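Asks: Quick one: this structure, given as structure tokens, is what I'll be asking you about.
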Amino acid sequence: MSELLARGPGRFHRGNLHCHSDRSDGALSPAELVRSYREAGYDFLAITDHFEERFGWPVTDTRPLRGDGFTTLVGAELSSADWSDPSVYWVAAVGLPPDFRPPRAGDHAEAIARAAAAGAFVCLLHPGLNGLRADAADRLPAFDAVEAVEVYTHQSWIYRPDTAVAAPFLDALLEGGRRLGAVAGDDAHFRDGPDAFGAWVEVFARACAPDALLAALKAGSYYATQGPRIDSLALDGDELRVRCSPAARVLLTGPAGRWRRWRWRLAEPLLTEAVFSISDFRGSFCRVTVVDADGRRAWSNPIWA
25 MSELLARGPG RFHRGNLHCH SDRSDGALSP AELVRSYREA GYDFLAITDH
75 FEERFGWPVT DTRPLRGDGF TTLVGAELSS ADWSDPSVYW VAAVGLPPDF
125 RPPRAGDHAE AIARAAAAGA FVCLLHPGLN GLRADAADRL PAFDAVEAVE
175 VYTHQSWIYR PDTAVAAPFL DALLEGGRRL GAVAGDDAHF RDGPDAFGAW
225 VEVFARACAP DALLAALKAG SYYATQGPRI DSLALDGDEL RVRCSPAARV
275 LLTGPAGRWR RWRWRLAEPL LTEAVFSISD FRGSFCRVTV VDADGRRAWS
325 NPIWA
């Protein structure tokens with residue numbers, strides 16, 4: 025039996041990969057952001073201020089804010105083009121060097137490619153914000169640098185709820201052959217409403233240290249959640265065993281072309297384990313969604329069958 029999620033020694037660490045300080049368009053200082061997330065029970069934080077000329081090309085250096093039991097990953101939100109471009113996309117580049125330089129004039133996407141080359145974890149943010157289409161991905165500059173998709177963006181749920189969930193967008197990219205993970209994040213600005221602490225990643229790593237967390241993200245040892253836990257994903261031949269926090273539903277889904285083969289487990293009152301056969305998804309992918317009694321979800325990374 026192969027454990028797909030919690031591999032080797034270590035534990036899960038809760039972290040947010042997407043938020044903004046007053047170095048760009050957020051309300052709080054970096055120190056206040058770190059304190060807020062630490063007090064909310066998080067283990068790590070990446071402050072991803074907008075890497076744009078109007079803000080002075082900030083890569084917010086949070087290394088001095090690391091402490092016992094809590095750490096930070098240095099990152100920024102990069103855009104592929106000017107915001108007026110209808111095909112612009114945004115990424116969180118997590119694990120950047122603090123001296124990351126601005127892009128060449130007129131070539132925003134150059135910075136995305138350079139961030140990936142520098143070893144950053146690059147995840148696509150809120151694709152529903154500007155109606156980004158999956159079939160446009162092959163035409164987007166530097167899109168091959170993307171390693172994960174933000175399947176849920178909490179700030180979008182607060183202000184633009186129809187744009188908040190991007191799981192179908194991720195599935196379309198997976199069906200096209202891209203190997204991508206699923207993250208969730210806040211996009212917190214702390215300006216106008218409760219846009220923090222609504223979604224995060226649980227990263228299975230040997231230590232709560234920047235190098236260990238970044239390596240685990242790059243290896244896909246994480247899941248995305250609004251609250252439910254995915255404790256274990258174990259594969260034995262075609263049998264997939266899911267262990268999770270108490271759930272109303274556990275779903276196994278895959279490509280749109282195999283929609284008749286999706287599987288689910290329901291329980292009354294709740295279940296903490298579900299077993300599926302992945303045989304219908306051989307030659308493609310499937311992924312697990314756990315839904316709790318309040319409708320909050322957790323999303324696994326794709327399982328390539």
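Per our numbering, the very first residue in the sequence shown carries number 25; after that it's consecutive. We put the beta carbon where it would ideally sit given N, CA and C, even for glycine. Treat the numbers as computed from the prediction; the structure is a model and nothing was measured.
Can you grab the Cα-Cα spacing for the pair T249 / R78, in whole Å?
Replies: In the sequence shown, the residue the question calls residue 249 occupies position 225. In the sequence shown, the residue the question calls residue 78 occupies position 54. So the alpha carbons of these two residues sit roughly 33 Å apart.
Asks: Kindly identify the DSSP beta-bridge partner or partners of R267.
Replies: In the sequence shown, the residue the question calls residue 267 occupies position 243. Per DSSP, S256 and E297.
Asks: Using 8 Å as the Cβ pair cut-off and three pairs as the minimum, do the segment 84-103 and the segment 49-62 touch?
Replies: A contact exists between the segment 84-103 and the segment 49-62.
Asks: Looking at the strands, I want to know which residues DSSP matches up with V207.
Replies: One-based indexing of the sequence shown puts residue 207 at position 183. In the DSSP output, where bridge partners are listed per residue, V207 has E174.
Asks: In terms of alpha-carbon separation, which member of D195, P192 and E226 lies closest to A208?
Replies: Stepping through the sequence shown from its first residue, residue 208 is reached at position 184. If we check each option's Cα against that of A208, E226 comes out closest.
Asks: Provide the residue span of the beta strand (DSSP E) that contains H132, from first to last.
Replies: Your numbering for residue 132 matches position 108 in the sequence shown. Segment H132 to A141 is the alpha helix (DSSP H) holding H132; no beta strand (DSSP E) there.
Asks: Use the C-beta contact count for P185: other C-beta atoms within 10 angstroms, 16 or more gives buried, fewer gives exposed.
Replies: Reading the sequence shown from its first residue, position 161 is the one you call residue 185. Exposed is the call here.
Asks: Please report the straight-line C-alpha distance between R320 and G251, rounded to a whole angstrom.
Replies: Residue numbering aside, residue 320 sits at position 296 when the sequence shown is read from its first letter. Residue numbering aside, residue 251 sits at position 227 when the sequence shown is read from its first letter. One C-alpha to the other measures close to 6 Å.
Asks: Report all residues from its chain with a CB closer than 6 Å to the CB of R287; omit the five preceding and five following residues, and keep chain order.
Replies: Here the question's residue 287 lines up with position 263 in the sequence shown. Correct list, in chain order: L276 and F300.
Asks: Hey, would you say D211 sits closer than 8 Å to S180, going by beta carbons?
Replies: The residue labelled residue 211 in the question sits at position 187 within the sequence shown. The residue labelled residue 180 in the question sits at position 156 within the sequence shown. Contact: yes.
Asks: Using only the alpha-carbon positions, how far apart do A141 and V274 sit?
Replies: As a working mapping, residue 141 is identified with position 117 in the sequence shown. As a working mapping, residue 274 is identified with position 250 in the sequence shown. Their Cα atoms are separated by approximately 37 Å.
Asks: Hey, quick one: how far does the alpha helix (DSSP H) through R59 stretch, first residue to last?
Replies: To locate residue 59, count along the sequence shown from 1; it is residue 35. From DSSP, the alpha helix (DSSP H) with R59 extends over P54 to E63.
Asks: Of all the options A105, L120 and L148, which has the alpha carbon lying nearest to the alpha carbon of E134?
Replies: In the sequence shown, counting from the first residue as 1, residue 134 sits at position 110. Here the closest residue by C-alpha is A105.
Asks: Spatial neighbours of A317 within its chain, please: C-beta separation below 6 Å, excluding the five flanking residues on both sides.
Replies: As a first step, residue 317 is located in the sequence shown; it is residue number 293 there, counting from the start. Excluding residues within five positions, the ones whose Cβ falls inside 6 Å are A272.
Asks: Mind checking whether F124 and V83 have CB atoms under 8 Å apart?
Replies: The residue given as residue 124 occupies position 100 in the sequence shown. The residue given as residue 83 occupies position 59 in the sequence shown. Result yes, Cβ atoms of F124 and V83 sit closer than 8 Å.
Asks: What does the Cβ neighbour count give for R311, buried or exposed, with the cut at 16 atoms within 10 Å?
Replies: The residue you call residue 311 lines up with position 287 of the sequence shown. With 16 or more Cβ atoms within 10 Å of its Cβ, R311 is classed as buried.
Asks: On a Cα-Cα basis, can you pick out the residue from S308, P270 and I136 that is closest to L120?
Replies: Within the sequence shown, numbered from 1, the residue matching residue 120 stands at position 96. Of the listed residues, the one whose Cα sits closest to L120 is I136.
Asks: Relative to the C-alpha of D85, which residue among L164, G99 and F75 is closest?
Replies: The count along the sequence shown starts at 1 and reaches residue 85 at position 61. The shortest Cα separation from D85 among L164, G99 and F75 belongs to G99.
Asks: Tell me the DSSP secondary structure of G91 in three-state form.
Replies: By 1-based counting over the sequence shown, the position of residue 91 is 67. Strand, per DSSP.
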